[in-house]
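A.B. asks: Before we start, here is the structure in question, set down as structure tokens.
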Amino acid sequence: MQTPTQKATLWTIFLTLTVTYTFVFVAKVVYAERTPRTSSDNFPPLECAISPFGFTPDWGSMDNLEKLSRSFCHIDPKEFIPPPPYDITALKTPLEELNHEPKTQVQKNILTMKLFYSTRHFGIYDLDSDEYVTPDHPGIDFKMPAGTLVYAIAGGIVNSVEQKNEGLGNTIILEHRLPDTREKVYSIYGHLSHTLVHPGESVSPGSLIGTVGTTGNTSAPHLHLQIDRDRGLIRHIPYIPAPGITVEQANRWTIHPMEFIENY
Ligand SMILES: [Zn+2]
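Given below as structure tokens:
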């Protein structure tokens, strides 16, 4: 038998615990309401998209293969110039029209542009190629010296980092959200020598992510930049058009990298 005093004590403990648990429960609900519930609510913004490089070697002023093949640390800072605009009309200027010595400054500028954007969006591996001519290359190749620092073109989250020696070689994939539609898109950086970020990290436009290399299926240092639309995969894989696909069909799954940089 419990005495009235013991009963009162037990009731007091019971009521105190009940009030405490109720308070904690209500506090948790209120806190959860005030905190973003899904990761997309606080996804890093795209901000202002930029070129993956702040400069390019002035390729058009280099008159021999040895100079053109130097790595980043062997090129004098004075030999770099701001990245040229992507002008497809100028890019299609036949190489043989530019290879006469002495070259004018205009010819040197066009040569630098042709080498910087060495493979155009859906272009063939030819410095005179137009864009949208073959489904085989959904992206742009930038000829850059081995070891050049590569920057994120927009804000987002590192989706994956892969080290491999076939296809695109060492590859970084960044996930982004388009500002108006919240559409999920991915920027892909291939053939890197070093990768300097890890999956899950946030990046801003201009965050250092890696260095230019020759890993994977390539014979010369360059960056392959590709921008994919989401195909609903749990882990994104760079888009490679299946055999028989037309350029128009392939184009639905990618965004022209230079138009992306200009538009956002
Ligand atoms: Zn490429």
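Last residue of the sequence shown: number 469 in the working numbering, and the count goes up by one each step with no gaps. C-beta atoms are modelled at their ideal positions from N, C-alpha and C, and glycine is treated no differently. Treat the numbers as computed from the prediction; the structure is a model and nothing was measured.
With H, G and I counted as helix, E and B as strand and the rest as coil, what does DSSP make of P462?
C.D. replies: Reading the sequence shown from its first residue, position 257 is the one you call residue 462. Reduced to three states, the DSSP call for P462 is helix.
A.B. asks: Over the uninterrupted alpha helix (DSSP H) stretch that includes F321, give me the two end residues.
C.D. replies: Counting from 1 along the sequence shown, the entry for residue 321 is found at position 116. Here the alpha helix (DSSP H) through F321 covers Q310 to F321.
A.B. asks: From Y330 to F321, what does the alpha carbon distance come to, in whole angstroms?
C.D. replies: Here residue 330 refers to the residue found at position 125 of the sequence shown. Here residue 321 refers to the residue found at position 116 of the sequence shown. Roughly 13 Å between the two C-alpha positions.
A.B. asks: Between H326 and ligand 1, is there a pair consisting of the residue's CB and a ligand heavy atom that are separated by less than 7 Å?
C.D. replies: What you label residue 326 is simply residue 121 of the sequence shown in a count that begins at 1. No, since every heavy atom of ligand 1 falls outside the 7 Å radius drawn around the Cβ of H326.
A.B. asks: Do you know offhand how far E252's Cα is from G361's?
C.D. replies: The residue given as residue 252 occupies position 47 in the sequence shown. The residue given as residue 361 occupies position 156 in the sequence shown. Roughly 9 Å between the two C-alpha positions.
A.B. asks: Pick from Q211, P299, G418 and I378: whose alpha carbon is nearest that of K319?
C.D. replies: Numbered from 1 along the sequence shown, position 114 holds the residue referred to as residue 319. For the residues Q211, P299, G418 and I378, the minimum Cα distance to K319 belongs to P299.
A.B. asks: Taking the alpha-carbon positions, what's the P426 to F248 distance?
C.D. replies: Taking the sequence shown and counting its residues from 1, one reaches residue 426 at position 221. Taking the sequence shown and counting its residues from 1, one reaches residue 248 at position 43. Looking at the two C-alpha atoms, the distance is approximately 33 Å.
A.B. asks: Exposed or buried, which one is Y469 when buried takes at least 16 other CB atoms within 10 Å?
C.D. replies: Locating residue 469 in the sequence shown gives position 264, counting from the first residue. It counts as buried.
A.B. asks: For the putative contact between L401 and G415, defined by C-beta atoms under 8 Å, what is the C-beta separation to the nearest angstrom?
C.D. replies: Here the question's residue 401 lines up with position 196 in the sequence shown. Here the question's residue 415 lines up with position 210 in the sequence shown. Yes, L401 and G415 are in contact; Cβ-Cβ is about 5 Å, under 8 Å.
A.B. asks: Taking the alpha-carbon positions, what's the Q368 to E284 distance?
C.D. replies: One-based indexing of the sequence shown puts residue 368 at position 163. One-based indexing of the sequence shown puts residue 284 at position 79. Cα to Cα, the separation comes out at about 31 Å.
A.B. asks: Using DSSP with H/G/I as helix, E/B as strand and the rest coil, what is F277?
C.D. replies: Indexing the sequence shown from 1 puts residue 277 at position 72. The answer is helix: DSSP assigns F277 an H, G or I state.
A.B. asks: Can you tell me whether I378 is buried or exposed, with buried defined as 16 or more other CB within 10 angstroms of its CB?
C.D. replies: Here residue 378 is taken as the residue at index 173 of the sequence shown, counted from 1. Buried, because 16 or more other Cβ atoms sit within 10 Å of the Cβ of I378.
A.B. asks: When DSSP labels each residue in this structure, what does N269 get in the three-state scheme?
C.D. replies: Indexing the sequence shown from 1 puts residue 269 at position 64. Note: N269 maps to coil in three-state DSSP.
A.B. asks: Select from Q211, D263, L303 and M463 the residue whose C-alpha is nearest the C-alpha of P343.
C.D. replies: Position 138 of the sequence shown holds residue 343. Of the candidates Q211, D263, L303 and M463, the one whose C-alpha sits nearest the C-alpha of P343 is M463.
A.B. asks: Tell me the rounded alpha-carbon separation between L354 and V452.
C.D. replies: Within the sequence shown, numbered from 1, the residue matching residue 354 stands at position 149. Within the sequence shown, numbered from 1, the residue matching residue 452 stands at position 247. Taking the straight line joining both Cα atoms gives about 31 Å.
A.B. asks: Kindly list the residues whose CB is nearer than 6 Å to the CB of T261, restricted to its own chain and excluding five residues on each side of it in sequence; keep chain order.
C.D. replies: Residue numbering aside, residue 261 sits at position 56 when the sequence shown is read from its first letter. Within the same chain, T261 has close Cβ partners P288 and F321.
A.B. asks: Hey, how far is the Cα of K403 from the Cα of Y391?
C.D. replies: Here residue 403 refers to the residue found at position 198 when the sequence shown is read from its first residue. Here residue 391 refers to the residue found at position 186 when the sequence shown is read from its first residue. Reading off the sequence, residue 403 comes out as His, not Lys. Taking the straight line from one Cα to the other gives about 15 Å.
A.B. asks: Let me check understanding here. Comparing Cα to Cα, which of F465, V408, I450 and N370 lies closest to G418?
C.D. replies: Mapped onto the sequence shown, residue 418 falls at position 213. Of the candidates F465, V408, I450 and N370, the one whose C-alpha sits nearest the C-alpha of G418 is N370.
A.B. asks: Any idea if E388 is buried or exposed, counting beta-carbon neighbours within 10 angstroms, 16 or more meaning buried?
C.D. replies: The sequence position of residue 388 within the sequence shown is 183, counting from 1. Under this definition E388 is an exposed residue.
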